[in-house]
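Using the working numbering, you'd call the opening residue of the sequence shown number 2 and step up by one each time.
The structure appears below as structure tokens.
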Amino acid sequence: MGRMVLMLTERQRVILRQIVSPPYIYRWAGLLTTVGLVVGVTVVVLADVGRPTVLATGAAPAAVAPSEGGPAMRPARAAEDAPARGMPGFARPAITSSLLTVTDTGTDRPAVALTFDDGPTPEYTPQVLDLLAQYGAKATFCTIGNQAVAYPDLMRRIIAEGHRLCDHTMTHDATVGFNAHDLMTSQLSTSKTTIAGVIDPPATIDYFRAPEGAWTPALDQVAAETGMRPLGWSVDTLDWTQPGTAAIVASVQQGVHPGAVVLFHDGGGPREQTIDAVRQLLPWLQEQGYQFVLPS
């Protein structure tokens with residue numbers, strides 16, 4: 002470097018000293034930092050675009066089981082995925098015919114499984130239960146462990162009225178599927194045991210639903226290791242976005258099909274729109290010939 006400086010003319014040496022002295026050196030450093038950040042972000046984006054979509058999978062096909070026996074209905078159709086909340090690069094999974102079939106409904110009527118996430122809550126879960134009781138419908142409640150502990154009476158009512166419980170983690174942790182295997186196992190074991198233990202005797206927890214639909218192959222594996230199957234959905238009402246009662250109703254009326262699993266929420270935020278939509282949808286679904294069944 003010293004020899005190169007000696008070869009410069011006096012004018013060039015003056016310019017060089019100006020470049021490496023404040024404030025010019027700060028401008029050069031800022032420019033190089035900006036270029037580096039742009040290159041880094043570009044690499045990350047290109048890598049993310051090439052990542053395959055991760056859907057909920059299981060070791061064997063799951064089924065929706067009715068209360069009576071009879072001929073099998075045709076399998077559910079696959080649904081398109083919508084982006085997962087807060088989880089770039091992953092998709093909100095739709096449960097497909099490879100994971101869900103409708104079996105032995107006892108009649109020629111098509112079946113639909115209703116699911117409610119993020120509860121229980123004293124504001125909305127009782128209203129959902131009242132509506133389900135009014136129409137003789139059964140549903141699956143994907144409950145959060147902390148909410149289950151806070152409202153044990155609602156948990157006991159859910160079971161007493163013939164509905165099913167599903168593990169939705171202790172705190173609605175959407176990053177659970179990206180943790181180390183041992184930590185993930187501990188999290189799912191804790192939430193499953195906690196939710197089951199609110200009921201006396203402990204309830205059976207056969208299903209796990211990933212918060213925000215953030216499924217990973219490792220999460221599927223750990224769910225299976227802890228005795229639970231991934232439970233996705235084929236009709237996402239997007240009620241958590243509060244799009245309006247009419248939009249929630251329309252999403253079900255346009256997307257429902259024999260064997261559909263419909264995603265609602267009875268917690269996680271204001272759910273007046275969901276309650277109003279369910280109030281309209283239960284009689285409508287019955288008018289269309291649907292019967293309400295539970296996953297099994």
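Cβ coordinates follow ideal geometry from the N, Cα and C atoms, glycine included.
Predicted model, so just to flag it, every value in this text is computed and none were measured.
(message) Are the CB atoms of Lys139 and His169 within a distance shorter than 8 Å?
(response) no
(request) State the start and end residues of the unbroken alpha helix (DSSP H) segment that holds His182. (result) 182-198
(request) Note down the Cα distance separating Asp221 from Pro231, rounded to an integer number of angstroms. (result) 6 Å
(message) Nearest by alpha-carbon distance to Thr195: which of Glu162, Trp241, Phe265, Met156 is it?
(response) Met156
(message) In the DSSP assignment, the alpha helix (DSSP H) including Ala211 goes from what residue to what residue?
(response) Element bounds for Ala211: n/a, residue is neither H nor E.
(request) From the DSSP output, in three-state form, read off Pro127 for me. (result) helix
(message) I want to know whether the segment 239-246 touches the segment 196-203 - three or more CB-CB distances under 8 Å.
(response) no
(message) In the DSSP assignment, the beta strand (DSSP E) including Asp119 goes from what residue to what residue?
(response) Premise fails: Asp119 is in no beta strand (DSSP E) and is neither H nor E.
(message) Nearest by alpha-carbon distance to Val199: which of His258, Gly178, Ala225, Val150 is it?
(response) Val150
(message) Taking the alpha helix (DSSP H) that Arg165 belongs to, which residues open and close that run?
(response) Element bounds for Arg165: not the alpha helix (DSSP H) but the beta strand (DSSP E), 165-168.
(message) Tell me the DSSP secondary structure of Asp240 in three-state form.
(response) helix
(request) With DSSP as the reference, label Gln292 as helix, strand or coil. (result) strand
(request) With DSSP collapsed to three states, give me the class of Ala138. (result) coil
(request) Hey, could you find the ends of the beta strand (DSSP E) Leu264 is sitting in? (result) 261-266
(message) Rounding to the nearest angstrom, what Cα-Cα distance links Asn147 and Thr246 in this structure?
(response) 28 Å
(message) Let me confirm a value: Glu162 is counted as buried when at least 16 other C-beta atoms fall within 10 Å, else exposed. Which label applies?
(response) exposed
(request) Determine the DSSP secondary structure at Ala151, reduced to helix, strand or coil. (result) helix
(request) Apply the 10 Å Cβ neighbour rule to Glu213 and answer buried if 16 or more other Cβ atoms are within range, or exposed otherwise. (result) buried
(request) To the nearest angstrom, report how far apart Gln254 and Ala248 are at their CA atoms. (result) 10 Å
(message) Given a cut-off of 8 Å on the beta-carbon distance, is the pair Thr238 and Leu264 in contact?
(response) yes
(request) Pull up the distance between the alpha-carbon of Thr172 and that of Gly269, whole angstroms please. (result) 11 Å
(request) Less than 8 Å between the CB atoms is what I'm expecting for Thr186 and Val223, so what's the real figure, rounded? (result) 5 Å
(message) I'd like the span of the alpha helix (DSSP H) that includes Asp221, first residue to last.
(response) 218-226
(message) Does Gly59 pass the burial test, meaning 16 or more other C-beta atoms within 10 Å, or should it be called exposed?
(response) Low confidence applies here, because Gly59 scores a pLDDT of 32, under 50, leaving its location unreliable; read the following figure in that light. Gly59 should be labelled buried.
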